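First residue of the first sequence: 24, per our numbering; consecutive thereafter. Glycine included, every Cβ here is placed at the ideal spot set by N, Cα and C. A quick note: this is a predicted structure, and the numbers were derived from the prediction, not measured. Working notes, beginning with the structure itself.
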Amino acid sequence: MNPMINFKKEFAQLLSAQVDGQLTAEQIEIVLEKPKQPEHGDLAFPCFSLAKIFRQAPQKIAAELSEKISSPLFEKVEVAGGYVNVFFNKETAALDILKQVLSEQGEFGRSDAGTGGVMTIDMSSPNIAKPFSMGHLRSTVIGNSIALIAEKSGFKPFKINHLGDWGTQFGKLITAYKLWGSEEKVSQNPIKELLSLYVKFHEEAINNPSLEDDGRLWFKKLENGNEEAMELWTWFRDESLKEFTRIYDLLGIEFDSSAGEAFYNDKMDRVIDLIEEKGLLVESDDAKVVDLSDLELPPCLIKKSDGATLYATRDLAAALYRKENYNFVQSLYVVGNEQSLHFKQLIAVLDKMGYEWANTMKHIPFGMMLKDGKKMSTRKGKVILLEEVLAESIAMSAKNIQEKNPNLTNKDDVARMVGVGAVVFHDLKNYRLNDIEFSLEDMLRFEGETGPYIQYTYARACSILRKGNWDKSEIPAEFPLSWTEEWKVITALAEFPEAVKRAMDKYDPSQIAKYVIDLSREFNKYYAEVKILEPSEKKPARLALVSAVTMVVKEGLRLLGMEAPEEM
RNA sequence: GUCUCAGUAGCUCAGUAGGAUAGAGCAACAGUUUCCUAAACUGUAGGUCGGAGGUUCGAAUCCUCUCUGGGACGCCA
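If you want it as structure tokens, here you go:
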């Protein structure tokens with residue numbers, strides 16, 4: 024239980040008892056707000072809605088209410104404008120919060136809201152034979168963070184890397200390889216060579232449209248198990264996975280399943296049969312579709328005129344497979360914004376098929392990584408490689424360490440944590456749906472609201488604890504403090520559980536990132552203002568506070584998929 | 001054309017189940033280290049919240065219209 028909730032509940036109950044039954048404590052709790060200005064206290068009740076009911080000026084109501092509110096939890100109740108503002112008893116509140124954080128440590132903020140239900144998360148899903156681009160980073164880190172937040176919220180996350188290892192693109196690639204490729208070149212530098220073949224295919228296809236037909240033909244052969252096609256496909260796939268694994272290792276991300284699109288090849292007929300059985304399959308221009316016009320959606324294409332399957336068919340098969348094998352209570356798809364229509368159609372088809380669990384599937388869209396204000400296109404070879412960006416970021420971080428802390432023992436490790444952290448945090452700190460204009464300069468900025476800033480805050484706090492010989496298992500029984508300087512840090516700590524809840528409710532890791540920025544800012548101000556290690560009767564309590572900060576910052580970073588170096 | 005997402009300080013963004021004086025970071029300028037890591041902190045400057053109506057005691061937040069930009073819209077994924 025979040026300690027702040029006690030204060031909120033107390034205030035709401037006291038108010039409720041004074042309003043002639045016009046508002047319940049629960050209703051009041053919802054409208055209670057945290058004032059923006061610290062001089063307005065810690066919690067405020069706006070009286071405007073009561074003004075109508077009682078036909079009195081809100082200021083007058085507030086004044087009357089304030090006289091009747093008193094509790095040992097509050098040190099002061101004031102009236103300002105139409106608000107009743109209360110100030111918490113800092114000693115009591117601080118003690119409650121610190122004791123809780125220090126005893127729960129990394130468990131602080133955990134909830135059982137998910138009641139152990141399985142949440143599948145379709146994420147990352149890079150395309151085989153294409154480089155791992157900055158675009159895929161978003162799905163990967165957002166999905167990973169949502170999984171961590173879900174676990175903390177009582178779900179059982181199940182991360183699925185739905186590899187793009189099937190589709191017409193492979194027909195195109197095989198065509199291009201047979202025309203212009205060389206085994207030697209591909210072996211030497213697989214991804215780069217395959218990408219340039221893919222790009223060349225699209226360049227040539229502009230003047231030679233029959234290439235597209237060849238591509239489709241080769242894909243058809245692949246679907247029919249043609250030996251040559253299968254051999255090439257397996258080769259391309261293996262080489263790609265090697266590269267992807269290198270990146271996932273760097274990011275510290277693992278999957279519970281890497282069943283890609285090809286995995287569902289033998290599960291397609293059944294889905295199509297099922298759709299047909301329900302009488303949903305309609306023929307249209309030689310293709311098979313499910314009509315969705317009653318929902319004002321374009322029809323969902325199930326089978327092409329040449330009999331080959333499509334993306335939607337595979338996703339339907341995958342949805343069915345996941346429900347049957349994992350029995351999810353929620354199924355998330357962390358996939359770009361531009362595919363919203365596809366997921367609307369997917370859910371609509373499942374709904375029409377009579378699966379009541381269709382509405383437990385959720386598309387978690389995110390904005391695009393833009394280059395010069397435009398979408399990046401693999402076909403035109405306009406991609407930015409994640410691995411190169413990570414390498415630059417790590418190099419930059421190593422350079423900083425060399426300048427600022429040359430005696431650091433595990434330099435390489437820390438450079439990796441900070442370099443990777445900078446890139447991950449940059450991606451997660453803003454609202455998911457915002458487009459991001461790619462800027463290496465922004466990404467490698469290590470000052471201000473950045474990953475390194477948070478990690479630095481953590482390292483500084485750890486340094487103090489080391490010098491103060493703080494034992495983190497020790498929880499002092501009392502803290503003889505007035506808590507004026509530390510009050511903002513303490514309230515920031517108390518807000519962590521709410522940030523986790525918000526992040527879960529909105530499937531939005533940026534809620535955690537923003538929280539961790541706020542907490543770090545408050546701590547850094549405190550650090551600049553108060554000499555924590557200076558001998559004083561307050562020192563043990565201050566160390567306890569610093570210890571609590573390290574625990575929450577570290578846990579916040581963990582939920583974002585980032586590491587926290589104890590020195591940097 | 002239809003649908004959809006967005007427009008807040010020079011730049012990047014918070015703030016939206018309506019609430020008090022719209023907040024940060026970067027960039028600019030001025031400071032802070034004999035003292036716990038200056039990847040930090042303090043201060044100055046910077047705004048008709050795209051525009052116009054409307055609802056309301058109260059609107060960046062809700063409704064309508066409008067302008068601008070991104071994206072999607074059947075045989076790619």
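Can you check the stretch 265-303 for any alpha helix (DSSP H) of at least 4 residues that lies completely inside it and give the ranges in chain order?
Look at the stretch 265-303 and you find these whole runs of alpha helix (DSSP H), each 4 residues long or longer: 291-300.
So, do the stretch 281-288 and the stretch 185-194 have three or more beta carbon pairs nearer to each other than 8 Å?
Using a Cβ-Cβ distance cut-off of 8 Å, the stretch 281-288 and the stretch 185-194 are in contact, since at least three pairs of beta carbons, one from each stretch, lie closer than that value.
Counting pairs of Cβ atoms below 8 Å between the stretch 63-82 and the stretch 91-111, do you hit three or more?
When Cβ pairs closer than 8 Å are counted between the two stretches, the stretch 63-82 is seen to touch the stretch 91-111, the count reaching three or more.
Do Q602 and C323 have their C-beta atoms within less than 8 Å of each other?
Past the edges of the chain, shown from 24 to 591, lies residue 602, and the structure says nothing about it.
Cα separation between K537 and M585?
So the alpha carbons of these two residues sit roughly 14 Å apart.
Any chance you could list the beta strand (DSSP E) runs of at least 3 consecutive residues sitting entirely within the stretch 354-391, in chain order?
If we require 3 residues or more, the beta strand (DSSP E) runs fully inside the stretch 354-391 come out as 384-387.
Short check: CB of M419 to CB of L467, under 8 Å?
Contact flag set, yes.
Between the CA atoms of P69 and E33 - distance to the nearest angstrom:
Cα-Cα distance, rounded: 16 Å.
Taking E206 as the reference, give the member of N230, K153, E262 with the closest Cα.
Out of N230, K153, E262, E262 has the C-alpha closest to the C-alpha of E206.
Taking buried to mean at least 16 other C-beta atoms within 10 Å of its own C-beta, is P71 buried or exposed?
For clarity, residue 71 is Phe in the given sequence; the question names Pro instead. Residue burial annotation: F71 is exposed, with fewer than 16 other C-beta atoms found within 10 angstroms of its C-beta.
Distance CB(I477)-CB(I540) smaller than 8 Å:
A Cβ-Cβ contact shorter than 8 Å links I477 with I540.
Can you tell me whether C323 is helix, strand or coil according to DSSP?
Here C323 sits in strand by DSSP.
Give the DSSP-derived three-state secondary structure of G187 in the structure shown.
Strand.
Classify I459 as helix, strand or coil using the three-state DSSP reduction.
In the three-state reduction of the DSSP assignment, I459 falls in the strand class.
Unbroken alpha helix (DSSP H) runs of length 4 or more, entirely within the stretch 452-516: which are they?
Listed in chain order, the complete alpha helix (DSSP H) runs (minimum 4 residues) inside the stretch 452-516 are 463-466, 474-490.
Within its chain, find whatever has a CB closer than 7 Å to the CB of L273; leave out the 5 residues flanking it on each side and keep chain order.
Excluding positions up to five away in sequence, the list reads L413, V443.
For H449, which residues of its own chain have a beta-carbon under 6 Å away from its beta-carbon, when the five flanking residues on both sides are left out?
So the list reads M466, once near-sequence residues are dropped.
Tell me A103's beta-bridge partners as DSSP assigns them.
For A103, which the question treats as bridged, DSSP gives the partners Y106.
Specify, as a first and last residue, the run of the beta strand (DSSP E) that D145 falls within.
First-last of the beta strand (DSSP E) with D145: 141-146.
Taking only runs of the alpha helix (DSSP H) that begin and end inside the stretch 551-588, which ones reach a length of at least 4 residues, in chain order?
The stretch 551-588 contains these whole alpha helix (DSSP H) runs: 562-582.
Sheet register partners of V312 (DSSP bridge)
Answer by DSSP bridge pairing, in chain order: V305, L324.
Going by DSSP, name the residue or residues bridged to T332.
Partner(s): K326.
Let me make sure I understand the geometry here. Which of D531, A381, A522, W506 has the alpha-carbon closest to that of Y549?
Measuring from the Cα of Y549, the nearest candidate turns out to be W506.
Among L320, I298, K59, W493, which one has its Cα closest to the Cα of K600?
Nothing about residue 600 can be read from this structure; the chain reaches only from 24 to 591.
Quick check on the DSSP output: the alpha helix (DSSP H) that includes F242 runs from which residue to which?
If you look at F242, you'll find it in the alpha helix (DSSP H) that goes 233-246.
State the Cα-Cα distance for the pair Y344 and A335, rounded to the nearest angstrom.
Their backbone Cα atoms lie some 14 Å apart in a straight line.
Is it true that the stretch 564-576 meets the stretch 510-521, where meeting means three or more beta-carbon pairs spaced less than 8 Å apart?
Yes, the stretch 564-576 touches the stretch 510-521.
Can you tell me which residues form a DSSP beta bridge with N212?
Looking at the DSSP output, N212 shares a beta bridge with no other residue.
With a cut-off of 8 Å, do at least 3 Cβ pairs link the stretch 235-242 to the stretch 203-217?
The stretch 235-242, when compared against the stretch 203-217, does not touch it at the 8 Å Cβ threshold.
With 16 other Cβ atoms within 10 Å as the buried cut-off, status of N428:
So N428 counts as exposed.
T47 burial status per 10 Å Cβ neighbour count (16 or more: buried)
With fewer than 16 other Cβ atoms within 10 Å, it is exposed.
Taking Cβ to Cβ, would you say R161 is nearer than 8 Å to F469?
Going by beta carbons, R161 and F469 fall outside the 8 Å limit.
For N150, which beta-bridge partners are listed by DSSP?
Bridge partners of N150: G187.
So, with DSSP's three-state summary, where would you put K57?
K57 falls in the coil class under three-state DSSP.
C-beta atoms of S486 and L125 nearer than 8 Å
For S486 and L125, no; Cβs fall outside 8 Å.
Since P180 sits in a beta bridge, which residues does DSSP pair it with?
According to DSSP, which records beta bridges pairwise, P180 is partnered with M142.
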